[in-house]
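According to the working numbering, the sequence shown is numbered sequentially starting from 489.
C-beta atoms are modelled at their ideal positions from N, C-alpha and C, and glycine is treated no differently.
Heads up, the thing below is written out as structure tokens.
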Amino acid sequence: MDSLKKLNSVYRLSRNRWHIAYAAICSARAFCNPLKSSEPRSYSRIPTESYIIDAVQLSSRDINQSRLRHLVDKKDLDHLGALGGVKGLMSALKTDGERGILADSDDISQRQEAFGMNTYPRPPAKSLFSFVVEQLKDTTVIIILVCAVLALVFGMIEYGAEGWYLGVSVFTSVLFVICISVAVNLKHDRLFRKLSMASNNNIQMEVLRSGMLLHISVDDIVVGDVVCLKTGDRVPADGLLIEGHSLQIDEASMTGESDHVKVDLHENPFLRSGTEVVDGHAKFLVTSVGINTAWGETMRSISHDSSEETPLQSRLNKLFSLIGNTGLAVGLVEFVILLIRYLTGNSEDEDGQTKPKGVVGIIAYSLTLIVVMIPEGLSLAVTLTRYYSTRRMFARQPVAKQISSCETMGSVTAICMDKTGTLTINKMEVTKFLLGQEFIEKFNYTLIASSVMELFHQGVGLNTTGSVYKTDSGSKLEFSGSPTEKALLSWGVLELNMNFELLKRSSELLHEEAFSSEKKRSGILMKKNGDNTMHMHWKGAAEIIIAMCTHYYDSLGNVKVMEDTERENLNQLVQGMAASSLRCIGFAHKEVYEHELNDGEAQLKENNYTLLGVVGMKDPCRPGVRKAVQDCQRAGVNVKMITGDNVFTAKAIAIECGILRPDQDMDGAVVEGEEFRNYTQVERLKKLDTICLMARSSPSDKLLMVKCLKQKRHMVAVTGDGTNDAPAIKEADIGLSMGIQGTEVAKESSDIIILGDSFASVVAVLKLGRNVYNNIQKFLQFQLTVNVATLVINFVLDISVGETPLTSVQLVWINLIMDLLGALALAAEHPGKEILDMQPVSRKEPIISNIMWRNLIAQALFQSIVFLTLQYYAFLQFGGQTIYNVDESIKDTMLFNIFVLCQIFNLFNARKLENKNIFEGIHKNKMFLGITGITILVQVVMVEFLNNFTGTEKLYLGEWGACIGIAILSWPIGILVKYIPVPHKTIFQISQDEEVGEELDEVEEELDELGEELDALGEVLGGLIN
489 MDSLKKLNSV YRLSRNRWHI AYAAICSARA FCNPLKSSEP RSYSRIPTES
539 YIIDAVQLSS RDINQSRLRH LVDKKDLDHL GALGGVKGLM SALKTDGERG
589 ILADSDDISQ RQEAFGMNTY PRPPAKSLFS FVVEQLKDTT VIIILVCAVL
639 ALVFGMIEYG AEGWYLGVSV FTSVLFVICI SVAVNLKHDR LFRKLSMASN
689 NNIQMEVLRS GMLLHISVDD IVVGDVVCLK TGDRVPADGL LIEGHSLQID
739 EASMTGESDH VKVDLHENPF LRSGTEVVDG HAKFLVTSVG INTAWGETMR
789 SISHDSSEET PLQSRLNKLF SLIGNTGLAV GLVEFVILLI RYLTGNSEDE
839 DGQTKPKGVV GIIAYSLTLI VVMIPEGLSL AVTLTRYYST RRMFARQPVA
889 KQISSCETMG SVTAICMDKT GTLTINKMEV TKFLLGQEFI EKFNYTLIAS
939 SVMELFHQGV GLNTTGSVYK TDSGSKLEFS GSPTEKALLS WGVLELNMNF
989 ELLKRSSELL HEEAFSSEKK RSGILMKKNG DNTMHMHWKG AAEIIIAMCT
1039 HYYDSLGNVK VMEDTERENL NQLVQGMAAS SLRCIGFAHK EVYEHELNDG
1089 EAQLKENNYT LLGVVGMKDP CRPGVRKAVQ DCQRAGVNVK MITGDNVFTA
1139 KAIAIECGIL RPDQDMDGAV VEGEEFRNYT QVERLKKLDT ICLMARSSPS
1189 DKLLMVKCLK QKRHMVAVTG DGTNDAPAIK EADIGLSMGI QGTEVAKESS
1239 DIIILGDSFA SVVAVLKLGR NVYNNIQKFL QFQLTVNVAT LVINFVLDIS
1289 VGETPLTSVQ LVWINLIMDL LGALALAAEH PGKEILDMQP VSRKEPIISN
1339 IMWRNLIAQA LFQSIVFLTL QYYAFLQFGG QTIYNVDESI KDTMLFNIFV
1389 LCQIFNLFNA RKLENKNIFE GIHKNKMFLG ITGITILVQV VMVEFLNNFT
1439 GTEKLYLGEW GACIGIAILS WPIGILVKYI PVPHKTIFQI SQDEEVGEEL
1489 DEVEEELDEL GEELDALGEV LGGLIN
């Protein structure tokens, strides 16, 4: 009992509620252990400014983690009642419904120690060894390693101690490819994990701490926090409802049930982590976090793998199989031809001696040719291009949740976007105030009747999901909520002198209708505590609020009847505000009496109101958005703005952003949502491509637009930020959500999160997506040029003379240039200006275009003709010497040198598929310049110093000049070829498009016939009824 005596002295020090809670816990301990002796304790005064929670106390007695989890998991009302209900649990957890927990780092850390953190273990990052194993499992690498082993064995059999050159060369080539691939894959995996964590950690929630409304990461939420929820939020932890209005929860992610669950204070106050708020707003007490929730357990067991096969990767795999099979076939044909020549005696030289390449040598050479033909650098090029694009995308603020998203974005043909937050900065400011039939200037607000001002205070301060609070210093007011709510609250407090706290205390909310995209308004029923009078307030789209009203207030407080003339004048004034790109919000009021309520229940009727006034809010366009829209249009992407604003506001913003032109015919280009949904399907499909703006649209209209675009074979991207946008985002080929204003439901539905909410970021993703495809095409053009040239040269020389001047080691070096160094050089190319001049690439369009075929065939023919001409004619022998006074070995070295230099110069040609300026932007690609320099340096070393290893001879300066002079002809040939026009579509695509067009025509004819039949049926039915 000594504990109780000492406790009494502590209690007298302060009657702070934290001290009372502390006393309650100590009293319980004393009564539970009355006979337990203890050492005398010294009690110090509890600080009045802060209170630190003891982790041992928090997890003792009835309040422990397992019981808290059981409480929500089982939705156990009896258990909750035994704990004293929500209020009792708040008291035990040392929190308050109005002030939350203390914003104290020690308090928060001890709560995390006692109840855990709101995180879950993520799968560990792949190790370096796992990437090496993946590479060794690759079919290409296995084939090349087998070839290397065979080349080593047959080389040593054929050439003795010096035969290891070939096998080791192939091994070295494979080792280079594996090392670079592992390094790039490792960096790409780390970067993608960083992006994934950035998208997850970007989720912010509103919590109450020390009486302040703070925005914190969901990872920082602790047990005892009071969290504010609104429509579109994902519930971040398990908890219990403290207060809420019209709260509907989607528990499909946990239970699989599609029906929405109503959450209230009496029958179901339980909120589960991972569920989604589909309607209403609320405050709730956090009881369990992280892995101590069912959602956390589920997330812990999920392993996110970012190595999924993308559509582009699937197409490349098919191409790889084709090239690889061709390489195997070429190697086999090479072996058969050389073997036949050897067995028939056609492999003897002019002196009748058998050439040194015997059966074993033939096998070794054929294996080398297979290694050259197999495109082991293709997967490396894809990974490198992805890595660089992902890194650049991260620097520009979009976050891709899947690797394929960036690639798919490059093929988009239509973008459906919101206005607010995407095209505009989403920072509202009240700039106009319409009261009665006239505008009121700021300095005349004091002339407004006090009765009208009081009603405005109620309409602004109570009919809101926002809040007003003071900062730590207490000298500055902060406003929370959506941009619209913050602008209205700021206007009410700073301009209309509204006392937010006093207003809250002096009134009681009886019922609330949350804002919805369908109704485009919100309403409340409130009671004044002073005189118990009840008032209904509505706030929403101005034209909708005006339509609900039969009277209006003037500035003197007089109520006047709204005749047709006044109504028309008001609508014209609102249209004028909207035409100035202002968002118009109307306020309406009606006093009600208890006998008017249906069965005593609070129901908000929607007629016979008195108009308080209309405010116009300006949301400026984002800087650079006009250029971004023009870039999209130049890239062949159809930009459509879909907004809930009225047609006049929407038109003004669309013109300002460049989506519409001032001189453009608005017929067909601008529609309203109701008009669009009332079209027949045939009419929608016909008018779809001309529509640039849809105003007064609902989320269902947006979804219908996306479905129609996809039906017309468009690749569709959709931007959205609200919960109701989720169906359209999911339906689109690429969904983009806003990182700042986007709800968690919208982010969960999307493929890419735009962290900065800027449309310019969307254009950046578009460019990077196209650049991935474009860089892979550049590499393929470069690689296939070498493959075709090597194939032609070897085939012609094998048939004619039975051998080629290129040794196996030289072919391995050419393979290294073609695969490894080519991939490194071209994968890092930045997107050029011409990337937006290209038309979107269809998913079914062949990856090797007609332009690529034109370029690579021209270069391959040039290299083949040069090589064969010099082999046959330019080095004609006279008395053991050629006409250029060089012997056979010098000739072969010069041919090898010319062939390699041709690849180096062609690397520059490959940078630009269509642009004739192949040096444009070359200074930006340091990797390209470095790789090119290294390749030239290694070539010089091989020719001048590694003669025994490579089978070359040293060349004089003049001979080097001759080699360079011939090889550099690749540049003018590459430029001249680009003047040759080629169709963008292959014959197969043209025929396919004709078939698709015929199918669409047939569908439209059938729909027209069906429409006529329905019209006829309607006439018949109408006649029968009459």
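Where does residue i land, buried or exposed, given buried means 16+ other C-beta within 10 angstroms?
i            : result
residue 430  : As displayed, the chain neither begins before 489 nor continues past 1514, which places residue 430 out of reach and without an answer.
residue 1385 : buried
residue 1417 : exposed
residue 1081 : exposed
residue 876  : buried
residue 863  : buried
residue 634  : exposed
residue 1021 : exposed
residue 1467 : exposed
residue 939  : exposed
residue 901  : buried
residue 1484 : With a pLDDT of 49 at residue 1484, under the threshold of 50, the modelled position of this residue cannot be trusted; read the value that follows with caution. Exposed, by the Cβ-count rule.
residue 617  : exposed
residue 1241 : buried
Beta strand (DSSP E) containing residue i: first to last residue?
i            : result
residue 1037 : 1037-1041
residue 1071 : 1070-1080
residue 958  : 955-958
residue 705  : 700-705
residue 1055 : Not the beta strand (DSSP E): residue 1055 falls in the alpha helix (DSSP H), residues 1052-1067.
residue 716  : 714-717
Name the residue from the options whose alpha carbon lies nearest to the alpha carbon of residue i.
i            : options                   : result
residue 1275 : 1286, 1305 and 1263       : 1305
residue 703  : 1254, 1075, 1168 and 1228 : 1228
residue 1161 : 1288, 1006, 1073 and 1270 : 1006
residue 807  : 861, 765 and 779          : 861
residue 1323 : 1096, 1257 and 605        : 1257
residue 982  : 1014, 931, 1002 and 1419  : 931
residue 914  : 970, 801 and 1098         : 970
residue 1255 : 987, 774 and 897          : 897
residue 1346 : 1398, 800, 1063 and 678   : 1398
residue 1388 : 1434, 1333 and 1456       : 1456
residue 1332 : 976, 929 and 899          : 899
Return the chain-ordered list of same chain residues with a C-beta closer than 6 Å to the C-beta of residue i, the five sequence neighbours on each side being excluded.
i           : result
residue 856 : 1296 and 1299
residue 749 : 737 and 739
residue 923 : 1043 and 1101
residue 698 : 590 and 591
residue 580 : 551
Taking 7 Å as the limit between beta carbons, can you name the residues of its chain near residue i, skipping five residues before and five after?
i            : result
residue 1131 : 906, 907, 1138, 1183 and 1185
residue 850  : 823, 826, 827 and 830
residue 1251 : 1116, 1119 and 1120
residue 538  : Residue confidence for residue 538 is low, a pLDDT of 32 falling below 50, so the modelled location carries little weight; the figure read from the coordinates is stated next. Cβ neighbours of residue 538 beyond the five flanking positions: 590 and 592.
residue 1217 : 1206, 1208, 1223, 1225, 1234, 1237 and 1238
residue 1000 : 733, 734 and 1012
residue 1026 : 1009, 1011, 1033, 1036, 1076 and 1097
residue 561  : 782
Are any of the Cβ atoms in chain D nearer than 8 Å to that of residue i?
i            : result
residue 1454 : Checking the listed chains, one finds no chain D in this structure; it contains a single protein chain.
Identify the continuous alpha helix (DSSP H) that holds residue i and give its terminal residues.
i            : result
residue 876  : 866-883
residue 751  : Looking at the DSSP string, residue 751 is not in any alpha helix (DSSP H), and its letter there is neither H nor E.
residue 1119 : 1113-1122
Using C-beta distances below 8 Å, list every residue in its chain close to residue i, excluding the 5 sequence neighbours before and after it, in chain order.
i            : result
residue 1383 : 1293, 1294, 1355, 1358 and 1359
residue 1156 : 1175, 1178 and 1179
With hydrogens ignored, establish whether the beta-carbon of residue i is closer than 7 Å to any heavy atom of the ligand FAD.
i            : result
residue 1081 : What this structure holds is no ligand at all, so the ligand FAD is not there to describe.
Determine, using beta-carbon pairs with one atom in the segment 1114-1125 and one in the segment 1315-1329, whether at least three such pairs fall under 8 Å. yes
On the three-pair Cβ rule with 8 Å, is the segment 1097-1114 touching the segment 1235-1253? yes
Count Cβ pairs between the segment 935-950 and the segment 1056-1063 that sit closer than 8 Å; are there 3 or more? no
Can you confirm whether the segment 1187-1206 touches the segment 703-718 when touching is taken to mean that 3 or more C-beta pairs between the two stretches lie within less than 8 Å? no
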